[in-house]
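My numbering applies: residue 185 is where the sequence shown begins, and numbers increase by one.
Note that beta-carbon positions come from the ideal geometry of N, C-alpha and C, so glycine has one too.
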Amino acid sequence: MRIPDTIATQFEHPRGLLGHMTGWIMAHRTSNKDRNRWTVDLLDIQPTDHVLELGCGPGLALQSCLSHATEGLVVGLDHSETMLAQAAARNRHAIKDKRLELWLGSLRELSGSADQYDKIYSVNVVQFLEDLQAVFSVFHHHLKPGGMVATTYMPRGQNPSKAKAWQMADEVTRHMVRTGFTQIRTEELALKPIPAICVLGTRS
Ligand SMILES: C[S@@+](CC[C@H](N)C(=O)[O-])C[C@H]1O[C@@H](n2cnc3c(N)ncnc32)[C@H](O)[C@@H]1O
C-alpha cells in the first residue's frame, strides 16, 4: 500500500485527524507490528526492568514491553500529544497500575537521574533526530551500567532500500562507539519490501 505524501509527513510529528490516521496505520501495518515486537524481543526484557522508549507512537512496543516487565516500569516519550493519546488508550490498564508512564516531549526534556534504565530503545525514530551523538550520550547517561540500547530502522517513503537501512546501521554504530557503548551488533529482520535493521549496544 502506498501512503499519500500528506500522511507520510505526519510520521515525524502526528497531529490532529491526519495524525490519528497515521497512528492507526502504524498500529495496524504488519511490518510495523513485526519490527516493534522484534525489537522488544531482542532486548530480552526482564520482569523488574525499567525501560524507556523514545518516540513510542501508538504504543505497540510499549504493550510488548509491559508483558515482559511485569514488576518493572515502562516509560514512553513522544513529542506528539495525538500519539500519546493512542498509546494511553492501548495501555490504559498499565497506566492505572502505575507500570506505564507516558511523557510528552523529546530527549531534551528527559528528566530523572543517571543510571535509571535497564533498556532504552526506539523504532523508526532515528531518521528524524538531528544530533545523533547527543542522542546516544543522553541514552548512555540514563542507562544503568550493563544496560542496553536498541535502535531499529526500516526505510519508508519513496525508494526505500536495503542499502539505506545498512547506511543508517553504520552511522548509528559509529555514534555508539564514540559514546562508549560496547558489544555493538546489528541484527536484520526480513520484511517486505526491504529488511529492518536493529543496532544494539551495552553500556559498560
Ligand atoms: C514513524 S513514528 C514511529 C512510532 C513507533 N515507534 C512505532 O514504530 O510504531 C515516529 C514517532 O516518533 C515521534 N518523534 C519523532 N521525533 C521525535 C523527537 N525528537 N522526540 C520525541 N518523539 C519524536 C513521532 O511523534 C512519532 O510518534
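Compute the minimum distance between the beta carbon of Asp389 and the heavy atoms of ligand 1, and state whether it is under 6 angstroms. Lying outside 185 to 388, the shown extent of the chain, residue 389 is not represented and no answer is given.
Taking Gly243 as the reference, give the member of Gln270, Gly341, Met205 and Phe365 with the closest Cα. Here residue 243 corresponds to residue number 59 of the sequence shown, with the count starting at 1. Nearest option by C-alpha distance: Gln270.
Take the Cβ of Ser297 as the centre, count every other Cβ of all protein chains shown within 10 Å, and call the residue buried at 16 or more, exposed below. What you label residue 297 is simply residue 113 of the sequence shown in a count that begins at 1. The residue in question, Ser297, is exposed, as its Cβ has fewer than 16 Cβ neighbours within 10 Å.
Counting only runs of 4+ residues fully inside the region 250-295, write out the alpha helix (DSSP H) ranges in chain order. 265-274 and 276-280
Tell me which residues share the same chain as Val333 and place their Cβ nearer than 6 angstroms to its Cβ, disregarding the 5 neighbours each side in the sequence. Start at 1 with the first residue of the sequence shown, and residue 333 comes out as number 149. Excluding sequence neighbours, Val333 sits near Ile304, Phe323 and Gly385.
Boundaries of the alpha helix (DSSP H) in which Met401 is found, first to last residue: Since the first residue shown for the chain is 185 and the last is 388, residue 401 is missing from the structure and cannot be characterised.
Is it true that the CB of Gly260 sits closer than 7 angstroms to the CB of Leu246? Here the question's residue 246 lines up with position 62 in the sequence shown. Here the question's residue 260 lines up with position 76 in the sequence shown. Taking 7 angstroms as the Cβ cut-off, Leu246 and Gly260 qualify as a contacting pair.
Going by alpha carbons, who is nearest to Glu371 out of Val356, Arg362, Pro377 and Thr363? The residue given as residue 371 occupies position 187 in the sequence shown. Among Val356, Arg362, Pro377 and Thr363, the Cα nearest to that of Glu371 is on Val356.
Looking only at C-alpha atoms, which of Asp262, Gly256, Leu294 and Leu288 sits nearest to Ala278? As a working mapping, residue 278 is identified with position 94 in the sequence shown. Nearest option by C-alpha distance: Gly256.
Per-residue DSSP class, three states only, for Ile191: Here residue 191 refers to the residue found at position 7 when the sequence shown is read from its first residue. Helix at Ile191.
With DSSP collapsed to three states, give me the class of His234. Along the sequence shown, read from residue 1 onward, the residue named residue 234 stands at position 50. In the structure shown, His234 sits in a strand (DSSP, three-state: E or B).
Under 7 angstroms between the Cβ atoms of Ala192 and Ile229? For the purposes of this step, residue 192 is taken as residue 8 along the sequence shown, with counting starting at 1. For the purposes of this step, residue 229 is taken as residue 45 along the sequence shown, with counting starting at 1. In this structure, Ile229 does not lie closer than 7 angstroms to Ala192 by Cβ.
Local conformation of Arg132 per DSSP, three classes: Since the first residue shown for the chain is 185 and the last is 388, residue 132 is missing from the structure and cannot be characterised.
Starting from Leu375, follow the beta strand (DSSP E) in both directions and report where the run begins and ends. The residue you call residue 375 lines up with position 191 of the sequence shown. Segment: none, Leu375 is in no beta strand (DSSP E) and carries neither H nor E.
Per the DSSP calculation, Lys303 is bridged to which residue(s)? Counting from 1 along the sequence shown, the entry for residue 303 is found at position 119. Answer is Val235 and Met332.
Consider the C-beta atom of His204 and the heavy atoms of ligand 1; say whether any pair is separated by less than 6 angstroms. As a position in the sequence shown, residue 204 is number 20, starting the count at 1. Result no, Cβ not under 6 angstroms from ligand 1.
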